[in-house]
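Novice:
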Amino acid sequence: MSQVTMTVNGKTASGDVEGRTLLSHFLRETLNLTGTHVGCDTSQCGACVVHVNGEAVKACTMLAAEADGASVDTIEGQANADGSLNVIQQAFQDHHGLQCGFCTPGMVMSTAALLKDNPKPSEAEIRDYLEGNICRCTGYHNIVKAILAASGQDVSAVAAE
Amino acid sequence: MPKDGGIGASSKRREDVRFLTGQGNYTDDINQQGQTYAVFARSNVANGVIKSVDTSAAEAMPGVLAVFTGEDFVEVGGNPAGWYIESRDGTPMKEPKRPVLAHGKARHVGDAYAAVIAETLEQARDAAEAIDADIEELQAVATAEAALAEGATLVHDEIETNMVFDWGWIEDNRAATDEAIKNAPHVTTLELVNNRLVPNAMEPRASIGDYKPGTGDYTLHTTSQNPHLTRLLISAFVMGIPENKLTVIAPDVGGGFGSKIYHYGEEALVLAAAKKLGRPVKWTADRSESFLTDAHGRDHVTKIELATEEDGTFIAIRTETLANVGAYLSNFATVTPTFLHGTLMAGNYTVPHVYVNLKAVLTNTAPVDAYRGAGRPEATYSIERVIDKCARELNMDPIALRRKNFIKPDQFPYTTPVALEYDIGDYDAVMDKLEEIGDLAGFAKRRADSEARGKLRGLGVNSYIEACGIAPSNLVGVLGARVGLYDAATVRVNATGSLAVMVGAHSHGQGHETAFPQVVADMLGIDEGQIEIVHGDTSKIPFGMGTYGSRSLAVCGSAVVKATEKIINKAKKIAAHMLEASDADIELKDGQFTVAGTDKSVAWGEVALKAYVPHQFPIEDIEPGLEETAFYDPANFTYPSGAYACEVEVDPETGKVTIERFAAADDFGNVINPMIVEGQVHGGLGQGIGQALLENCTYDSDGQLLSASYMDYAMPRADDVPFYSVDHSSQTPCTHNPLGVKGCGEAGAIGSPPSVVNAVVDALQSGGHDVSHIDMPVSPSRVWAAMNK
Chain A
189 MSQVTMTVNG KTASGDVEGR TLLSHFLRET LNLTGTHVGC DTSQCGACVV HVNGEAVKAC
249 TMLAAEADGA SVDTIEGQAN ADGSLNVIQQ AFQDHHGLQC GFCTPGMVMS TAALLKDNPK
309 PSEAEIRDYL EGNICRCTGY HNIVKAILAA SGQDVSAVAA E
Chain B
2 MPKDGGIGAS SKRREDVRFL TGQGNYTDDI NQQGQTYAVF ARSNVANGVI KSVDTSAAEA
62 MPGVLAVFTG EDFVEVGGNP AGWYIESRDG TPMKEPKRPV LAHGKARHVG DAYAAVIAET
122 LEQARDAAEA IDADIEELQA VATAEAALAE GATLVHDEIE TNMVFDWGWI EDNRAATDEA
182 IKNAPHVTTL ELVNNRLVPN AMEPRASIGD YKPGTGDYTL HTTSQNPHLT RLLISAFVMG
242 IPENKLTVIA PDVGGGFGSK IYHYGEEALV LAAAKKLGRP VKWTADRSES FLTDAHGRDH
302 VTKIELATEE DGTFIAIRTE TLANVGAYLS NFATVTPTFL HGTLMAGNYT VPHVYVNLKA
362 VLTNTAPVDA YRGAGRPEAT YSIERVIDKC ARELNMDPIA LRRKNFIKPD QFPYTTPVAL
422 EYDIGDYDAV MDKLEEIGDL AGFAKRRADS EARGKLRGLG VNSYIEACGI APSNLVGVLG
482 ARVGLYDAAT VRVNATGSLA VMVGAHSHGQ GHETAFPQVV ADMLGIDEGQ IEIVHGDTSK
542 IPFGMGTYGS RSLAVCGSAV VKATEKIINK AKKIAAHMLE ASDADIELKD GQFTVAGTDK
602 SVAWGEVALK AYVPHQFPIE DIEPGLEETA FYDPANFTYP SGAYACEVEV DPETGKVTIE
662 RFAAADDFGN VINPMIVEGQ VHGGLGQGIG QALLENCTYD SDGQLLSASY MDYAMPRADD
722 VPFYSVDHSS QTPCTHNPLG VKGCGEAGAI GSPPSVVNAV VDALQSGGHD VSHIDMPVSP
782 SRVWAAMNK
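Just so you know, the protein sequences line up as chains A and B, in that order.
Our numbering runs 188 ahead of the 1-based position in the first sequence.
Our numbering runs 1 ahead of the 1-based position in the second sequence.
#1: Pull up the CB-CB distance for residue 197/B and residue 297/B, whole angstroms please, since I reckon it's below 8 Å.
#2: Pick from 515/B, 598/B, 184/B: whose alpha carbon is nearest that of residue 7/B?
#3: Would you call the region 575-593 of chain B and the region 634-651 of chain B touching, i.e. three or more CB-CB distances under 8 Å?
#4: Answer with yes or no whether the minimum CB distance from residue 741/B to chain A is below 7 Å.
#5: Between residue 719/B and residue 315/A, which are expected to be in contact by the criterion C-beta below 8 Å, what is the C-beta distance as a whole number of angstroms?
#6: Let me know if residue 454/B comes out buried or exposed under the rule of 16 or more other beta-carbons within 10 Å of its beta-carbon.
#7: Please report the residue range of the beta strand (DSSP E) in which residue 61/B lies.
#8: Counting Cβ pairs closer than 8 Å, one from the region 740-759 of chain B and one from the region 627-635 of chain B, do we hit at least three?
#9: Per DSSP, which residues does residue 187/B bridge with? Please list them.
#10: Given this structure, state the Cα-to-Cα distance separating residue 699/B from residue 706/B, to the nearest angstrom.
#11: Just curious, the alpha helix (DSSP H) that residue 336/A is in, first and last residue?
#12: Could you say which of 447/B, 24/B, 172/B, 107/B lies nearest to residue 54/B if we only look at CA atoms?
#13: So residue 515/B is in the beta strand (DSSP E); what residue range does that whole segment cover?
#14: From 89/B, 87/B, 112/B, pick the residue whose C-alpha is nearest to that of residue 44/B; which is it?
#15: Can you tell me which of the three DSSP states residue 504/B falls into?
#16: Suppose contacts are defined by Cβ-Cβ distances below 7 Å. Is residue 223/A in contact with residue 293/A by that definition?
#17: Which residues of chain A have a Cβ atom closer than 7 Å to the Cβ of residue 676/B, listed in chain order?
#18: Decide if residue 471/B is buried, meaning its Cβ has at least 16 other Cβ atoms within 10 Å, or exposed.
#19: Have a look at residue 689/B and residue 82/B and give me their C-alpha separation to the nearest angstrom.
#20: On a Cα-Cα basis, can you pick out the residue from 548/B, 95/B, 605/B, 650/B that is closest to residue 662/B?
#21: At the level of alpha carbons, what is the spacing between residue 602/B and residue 594/B?
#22: Could you work out which residues of chain B lie near residue 293/A, taking near to mean beta carbons separated by less than 7 Å?
#23: Can you give the Cα-Cα distance for residue 349/A and residue 311/A, rounded to whole angstroms?
#24: Anyone know if the C-beta pair for residue 367/B and residue 327/B falls short of 7 Å?
#25: With a 10 Å radius around its C-beta and 16 neighbouring C-beta atoms as the bar for buried, classify residue 208/A as buried or exposed.
#26: Look at the Cβ atom of residue 122/B, then the Cβ atom of residue 48/B, and state whether they are nearer than 7 Å.
#27: Closer than 9 Å by beta-carbon distance: list the chain A residues that pair up with residue 14/B, in chain order.
#28: Since residue 329/A meets chain B, which of its residues come closer than 7 Å, beta carbon to beta carbon?
#29: Would you say residue 32/B and residue 252/B are within 7 Å of each other, going by their C-beta atoms?
#30: Taking only the alpha-carbon atoms, compute the straight-line gap between residue 417/B and residue 40/B and give it to the nearest angstrom.
#31: Output, in chain order, the set of chain A residues within a Cβ distance shorter than 9 Å of residue 712/B.
#32: So within the region 649-698 of chain B, which uninterrupted beta strand (DSSP E) runs reach at least 3 residues, ignoring any that extend past its ends?
#33: Using a Cβ-Cβ cut-off of 6 Å (strictly less than) and excluding sequence neighbours within five positions of residue 97/B, which residues of its own chain qualify?
#34: In the DSSP assignment, find the unbroken alpha helix (DSSP H) run with residue 216/A in it and report its ends.
#35: According to DSSP, which residues form a beta bridge with residue 238/A?
#36: Suppose contacts are defined by Cβ-Cβ distances below 7 Å. Is residue 744/B in contact with residue 551/B by that definition?
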């Protein structure tokens, strides 16, 4: 066991981990941040996406020890300071971009990373970017629509589709 | 104008806030004081004799608290099939025992034969690997055809056959159907495979068992679509724990699509282990376990014949199907390929003769059961593919051929030759709507544009009908169901006028927490924010049969309506007393009880308060309190229907198919929350397109699962699908439930696969290829091979 310390959602957090402990496991089991979900064991589903030093990372592909000293952001830290939903979260609610909610944390975190790099993505760019996030409920329609809306683009034509 | 609340409003979902902020409460998110962890040892061969299981090394490892094997569960009951289906010659259904842990024989890859309980997950995992099992591999049977071959290995020796039943529906139709087909001027024949699928809810299954020695109370947290059914199965069949000593809680559940309807052995194991250790025991599947052990879907091989007059008038449909049900009979495994499939084989059409033969066959694969649509996608695919092939053979327009044979609005109620009575529908109206929203008139130009870019373009259209609102208990009892299929709700009015509504349906993505309050709010004339839905906990809810078969609103929603009607009746009595008027003169409107024709009124909240502060209250006539329960048993199934259109482009160089447009026109009857309904259709389309284009659960001939991860099983991604064009404005309200609703959860998955394949065949034929059928998934290699044969 070794001790790791990282900044999670702006606060210092530390804990003992085995060498094999994944970041996703550390967040969920040691820090009780269970919003980061684990939906597969091959790094395909994307339900565990968090930001490490500002970059989107699948928390199941990274050892907790590798995140020692890093700044980690998770879904629990995404709402506005007053607790209200941020722009992306609000767009997902407004456009019904989630159903069972299990893939949702990863979708929101991936969207945040996408919009940071590409503030006005096209529909095709959004669909391409979400290659690493699987949703089984929505058929992606309302997720893509929500991301277009979150980036300030007019989705009224999509609504009429 | 869109409404801003109540029935018909696209109310935003209240459950979203917790999901969007990471505050959901899924089973694996729960950790209990003193919790231990279970890991299962699973067979890596599909068929093997378990000669010995040496657990001594595992037991000696750090942190290990207990090891269970199949031996420990020999005395407890088996997990039963929920329906009894007799063969057409009267032979009883063959029902092999499904144990908690495999004993004597392992029957599919992933079949669990032992479980380790340890202090930590890592310790349990390490110890499970140290279990030394001697399993002698035998020849496996992985397909229904192989399992029925002469001399095939038996999956269960004790039942002396791999055939569970050889079912005919309706057997009395057989001779006349055969005769009609023999004499018909035209017969279209199609052999097709309805590909095996893995449901793949994004949340893997998980269970936590707890036992309190001081009281003898068990609690099971589990990923279930129907906690009461799970409790019933554990209590009455598997473990014998009295229902009053077992609470089953399904908290937030991350999708189900059928796979979480059923009781699985892991749930019994964590309860037994919790009792033995006196500590909570948690198990969470990894995705590999999900692939290996979640109930799979579909897996039919069918020959269908459609007999017609030369002008396209339908005369008869006959099908023969082999259904692979896997190694054990899962809870709905016997009803899914029979009564949820054969009874729909008349489709939306007047066809005088229909006969369905289906053989359910055990194989050395994971159990197969209901997956979104459950039998109805298989029926729809067979019918709508053969109609398309028929249209091409008769040189008729596929839409015109369907319209020619539609059951017409004035023919309802319509009894089909396969025994369902459709109450209402208007299939031409839905097809009209499809032609409009899909801009089918513009297809020719779009095809020309595609061809100018070197691509082939195809248009595929189909209709569908489904039987939802499962199910009328009287009817299904006659057909072999071992349970009733009603649902229940309790409406509890609090003293200050807010409400808790306890429902037997379970929401795992369907938005019940938002939609059910819309119904109650509409009836009472109060704000829906005052109403809270409670679901998923057997200790809080009267009873319920859960959520599947597009039943929640049609069945449980009807129970909510009936319970709310009782509330209104009692509240009117209280209001009458308060207003010194007769009950019959009290009207409820916008949350005010008014004496008809006067300005005397009391508000909803005042009546609620009076019920709980019954001063000057006529206790001899009215009990204090305001809480009512209703059970609702439907009089019939509901019959959603629709028409779907898919446009594909095929790259002739590679065989790759892309979905360019998809339009879905549905008749769901009345709609409570259009936003949620559209979302349900989108999701079903995603899964149906996935089945048609991408997904395939593949075992090799030794029963090894080749598609056991997301590396190998092609889940639909965002760039595999387009924006969909959906419409539900064609509405023929259900005639027999109080909301006039039909159900929308499965339509997309039922209606979409045939239109995709019809479109691909259309595209290839437009390019001069002599291709009449390609099995799903229509992968690039299959399409390319079809073009280059």
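Cβ coordinates follow ideal geometry from the N, Cα and C atoms, glycine included.
Specialist: The relevant details are as follows:
#1: Between residue 197/B and residue 297/B the beta-carbon gap is near 6 Å, inside 8 Å, which marks them as a contact.
#2: 515/B
#3: no
#4: no
#5: 4 Å
#6: exposed
#7: Here residue 61/B belongs to no beta strand (DSSP E), and DSSP marks it neither H nor E.
#8: no
#9: 309/B
#10: 6 Å
#11: Counted as a single uninterrupted DSSP element, the alpha helix (DSSP H) harbouring residue 336/A occupies residues 329-338.
#12: 107/B
#13: Where residue 515/B is concerned, there is no enclosing beta strand (DSSP E), although the alpha helix (DSSP H) it sits in stretches over 513-525.
#14: 112/B
#15: strand
#16: yes
#17: Neighbours of residue 676/B on chain A, chain order: 284.
#18: buried
#19: 27 Å
#20: 650/B
#21: 5 Å
#22: 23
#23: Caution applies to residue 349/A, whose pLDDT of 44 falls short of 50 and renders its modelled position unreliable; the value that the coordinates give is listed next. Residue 349/A and residue 311/A: Cα-Cα distance of roughly 14 Å.
#24: Cβ atoms of residue 367/B and residue 327/B: closer than 7 Å.
#25: exposed
#26: no
#27: 281, 284, 286, 287
#28: 683, 724, 725
#29: No, these two residues do not count as a Cβ contact at 7 Å.
#30: 50 Å
#31: Result: 230, 232.
#32: Whole beta strand (DSSP E) segments, 3+ residues: 658-668.
#33: 157, 160, listed in sequence order.
#34: Note, residue 216/A: premise wrong, no alpha helix (DSSP H); not H, not E.
#35: 245/A
#36: Yes.
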